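Count along the sequence shown from 1, then add 1356; that gives the number in the numbering used here. We treat Cβ as the ideally placed atom computed from N, Cα and C, and that holds for glycine. Predicted model, so just to flag it, every value in this text is computed and none were measured. Presented below is the structure to which this report refers.
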Amino acid sequence: MGSYALPTGPADGSADGSLPTRMLEGEVTRQVWRVPRPGFSTLAALTGMEERLSAAGYRIGFTCDTLACGGFDFRYATDVVPEPEMHVDLGDFRFAVAEGAAGIVSLFVSRSSDSGFVQMTHVAPRSARPAPALESAPAPESVPESVPESVPKLPEAPPRGDIAERLAAEFAVPLEDLRFASGAATLDGGSFPSLDALAAWLREDAGRRVTLVGHTDNSGTLEANRALSLRRAEAVRNYLTGKGVSTRQIRAEGVGWLAPRDSNATESGRLRNRRVEAVAD
1357 MGSYALPTGP ADGSADGSLP TRMLEGEVTR QVWRVPRPGF STLAALTGME
1407 ERLSAAGYRI GFTCDTLACG GFDFRYATDV VPEPEMHVDL GDFRFAVAEG
1457 AAGIVSLFVS RSSDSGFVQM THVAPRSARP APALESAPAP ESVPESVPES
1507 VPKLPEAPPR GDIAERLAAE FAVPLEDLRF ASGAATLDGG SFPSLDALAA
1557 WLREDAGRRV TLVGHTDNSG TLEANRALSL RRAEAVRNYL TGKGVSTRQI
1607 RAEGVGWLAP RDSNATESGR LRNRRVEAVA D
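Here it is as structure tokens:
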């Protein structure tokens, strides 16, 4: 058992930086995720998580954004996991509270120049069921990630030079020509020009490093989708090492549905969100 001072409103701007809170007692679980992605959107990430919690029966309560939260005073009056696990940019952070039958969840989302950071705190009575967003991952085949029967044609992979230039400029490069079967982490058969170009770029200089970041749509639990997205990134890493790239040059990460690039409300948006990106280290 533990306790958590849940923020229920913004810092009031007083000299002592007072923050209205509600003291919760119960099973307290804190989880932090780092999402390696330049241009990470705190708004998109928080909106996606709120949608997922709402679909699981949670009611969204107090929410705020940076200055509306109270800025510096709010951040330092709130229970936040310390650096480097959780980083908070005082110019861009968001907070939300959700309450459901399994307890209360708070979300704190921020970013750095090259990554997003998410802290989730869940407080449940000792007898409560686990929060859906914190469930352990089911077997890979049980992840309900739907794929439309007629898959729209994805954009052609960027040419070799374009990938090299974008990676050199530290942009995240979506590998648009990859295909994954529903709920699976193996690459479908065929050629992958984007991966061949990435492999050539890495082989040219042993000092180059990339992080492969797997993403999913928001079907299923966060933990299940993080596991699935990691396996997809690892499948891409295996392809690259099979092309002669050193394992020391490649790291694989999975962030599930924490960093959507499109709406999950449509099939085309969910398709765009199921992807692997390469980020230059």
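The residue from Gln1387, Arg1587, Glu1560 and Gly1447 with its alpha-carbon nearest to that of His1571 is Arg1587. Only residues of its own chain outside the window of five on either side were considered, and among them Pro1376 and Phe1418 have a CB closer than 7 Å to the CB of Gly1365, listed in chain order. With fewer than 16 other CB atoms across the displayed protein chains lying within 10 angstroms of its CB, Phe1428 is exposed. Each of Gly1456, Leu1596 and Glu1609 was checked against the Cα of Tyr1414, and the nearest Cα belongs to Gly1456. Counting along the chain, the unbroken alpha helix (DSSP H) around Met1405 starts and ends at Thr1398 to Ala1411. Within its own chain, the residues whose Cβ lies closer than 6 Å to the Cβ of Ser1374, once the five positions on either side in sequence are excluded, are Asp1368, listed in chain order. In chain order, Arg1390, Val1391, Pro1392, Arg1393 and Phe1396 place their CB closer than 7 Å to the CB of Ser1471, counting only its own chain and leaving out the 5 sequence neighbours on each side. For Val1437, no alpha helix (DSSP H) run applies, since DSSP gives it neither H nor E. Separation of the CB atoms of Pro1616 and Ala1400 is rounded to 6 Å, and the pair is thereby assigned contact status at 8 Å. Here the segment 1573-1589 makes no contact with the segment 1552-1559; the two share fewer than three CB pairs at distances below 8 Å. Contact check for Ser1462 and Asp1445: beta-carbon distance about 18 Å, past the 8 Å limit, so the pair fails to qualify. By a beta-carbon distance limit of 8 Å, Ile1606 contacts Val1566. Their separation comes to about 6 Å. With fewer than 16 other Cβ atoms from the protein chains shown falling within 10 Å of its own Cβ, Gly1600 counts as exposed.
The continuous alpha helix (DSSP H) containing Val1592 extends over residues Leu1578 to Gly1598. Under the three-state reduction of DSSP, Phe1428 is assigned to helix.
Across the structure, Gly1426 and Ser1619 are spaced so that their CA atoms are roughly 29 Å apart. Note: Ser1466 is bridge-paired with Phe1449 and Phe1473 in the DSSP secondary-structure output. The three-state reading of DSSP puts Arg1631 in strand, counting E and B together. Between the C-alpha atoms of Ser1575 and Glu1623 there is a straight-line separation of about 11 Å. Ranked by Cα distance from Leu1523, the options Ser1547, Gly1546 and Leu1568 are led by Leu1568.
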